[in-house]
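Numbering (my numbering), first residue to last: 179 to 401. Glycine included, every Cβ here is placed at the ideal spot set by N, Cα and C.
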């Protein structure tokens with residue numbers, strides 16, 4: 179995002195006249211969630227100050243050092259306790275039905291430990307390629323694959339539902355070749371240990387707001 183985030187963290191950039199994160203939280207309220215934890219890092223105070231009086235009860239925790247999505251997610255362990263939970267990145271927008279449906283999918287299948295939200299794209303090189311068998315069982319994930327290298331069209335949608343068992347995997351996630359502790363590595367470990375992760379295709383509008391052109395597209399759409 180370059181200069182757009184010189185003074186603001188990316189989730190606070192305006193989309194349709196409001197911060198991306200505010201629009202996301204509104205949809206969590208619509209989906210029936212009763213509380214949320216926000217993991218902050220860069221310019222944390224901008225998020226904490228803005229959402230102090232938000233209608234959805236919120237808690238905040240700061241990630242330091244900022245070294246990957248796995249260590250960020252691990253900070254939610256005390257908040258989650260023994261409950262199943264939804265995890266979403268702060269620069270993702272989709273409909274309330276998806277935020278609700280992915281956790282419901284996990285709760286309908288006691289044998290599963292995770293549900294991975296996915297969106298079909300031409301090439302998942304900008305995100306994480308998600309591979310699954312014919313029954314919708316996730317077999318493996320590849321973070322930021324080279325362009326044209328993937329044989330799947332499923333891209334991680336940045337939305338997950340987990341059992342608390344994921345925290346064991348997050349705790350032992352190794353440093354990736356990209357120099358970060360990545361959530362996809364923890365999910366891969368979960369699968370390799372024999373636990374079940376299911377696919378959840380996102381229907382309708384979805385946006386990963388990672389570039390200026392993505393932000394412009396959201397401002398011109400109904401996502």
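{"Check": "Could you round the C-beta distance between residue 311 and residue 188 to whole angstroms and report it? I think they count as a contact, below 8 Å.", "Outcome": "Not really, about 34 Å apart at Cβ, beyond 8 Å."}
{"Check": "Give me the residue from 190, 284 and 259 with the minimum Cα distance to residue 228.", "Outcome": "190"}
{"Check": "Any idea which residues DSSP pairs residue 291 with across the strands?", "Outcome": "Partner(s): none; residue 291 has no beta bridge."}
{"Check": "Please work out which residues of its chain come closer than 8 Å, Cβ to Cβ, to residue 317, disregarding the five sequence neighbours upstream and downstream, and give them in chain order.", "Outcome": "309, 310, 311 and 369"}
{"Check": "Quick one: give me the first and last residue of the alpha helix (DSSP H) that residue 387 is part of.", "Outcome": "No alpha helix (DSSP H) holds residue 387; DSSP gives it neither H nor E."}
{"Check": "On a Cα-Cα basis, can you pick out the residue from 198, 306, 283 and 328 that is closest to residue 314?", "Outcome": "283"}
{"Check": "DSSP three-state call for residue 244: helix, strand or coil?", "Outcome": "coil"}
{"Check": "How would you label residue 338, buried or exposed, when you count the other beta carbons within 10 angstroms and need 16 or more for buried?", "Outcome": "buried"}
{"Check": "Curious, which full-length alpha helix (DSSP H) runs of at least 4 residues does the region 200-239 contain?", "Outcome": "222-228"}
{"Check": "Give a yes or no on contact between the region 205-225 and the region 284-303, applying the rule of three or more CB pairs nearer than 8 Å.", "Outcome": "no"}
{"Check": "For the beta strand (DSSP E) that residue 345 lies in, which residues bound it at each end?", "Outcome": "From DSSP, residue 345 is part of no beta strand (DSSP E) but of the alpha helix (DSSP H) over 344-349."}
{"Check": "Would you say residue 342 and residue 261 are within 9 Å of each other, going by their C-beta atoms?", "Outcome": "yes"}
{"Check": "Along the chain, where does the alpha helix (DSSP H) containing residue 364 start, and where does it finish?", "Outcome": "361-370"}
{"Check": "What does a CB cutoff of less than 7 Å around residue 247 pick up in its chain, not counting 5 residues either side in sequence?", "Outcome": "360 and 361"}
{"Check": "For the region 379-386 against the region 288-297, do three or more pairs of beta-carbon atoms, one drawn from each stretch, fall closer than 8 Å, so that the two count as touching?", "Outcome": "yes"}
{"Check": "Are the CB atoms of residue 320 and residue 306 nearer to each other than 9 Å?", "Outcome": "yes"}
{"Check": "Output needed for residue 225: all residues of its chain with C-beta closer than 8 Å, excluding positions within five of it in sequence on either side, in chain order.", "Outcome": "187, 189, 190, 199, 216, 218 and 238"}
{"Check": "Put residue 189 into one of helix, strand or coil per three-state DSSP.", "Outcome": "helix"}
{"Check": "Could you give the first and the last residue of the continuous beta strand (DSSP E) run that contains residue 338?", "Outcome": "332-340"}
{"Check": "Are the beta-carbon atoms of residue 333 and residue 302 separated by less than 9 Å?", "Outcome": "yes"}
{"Check": "With distance defined between alpha-carbon atoms, name the residue in 328, 214 and 196 nearest to residue 267.", "Outcome": "214"}
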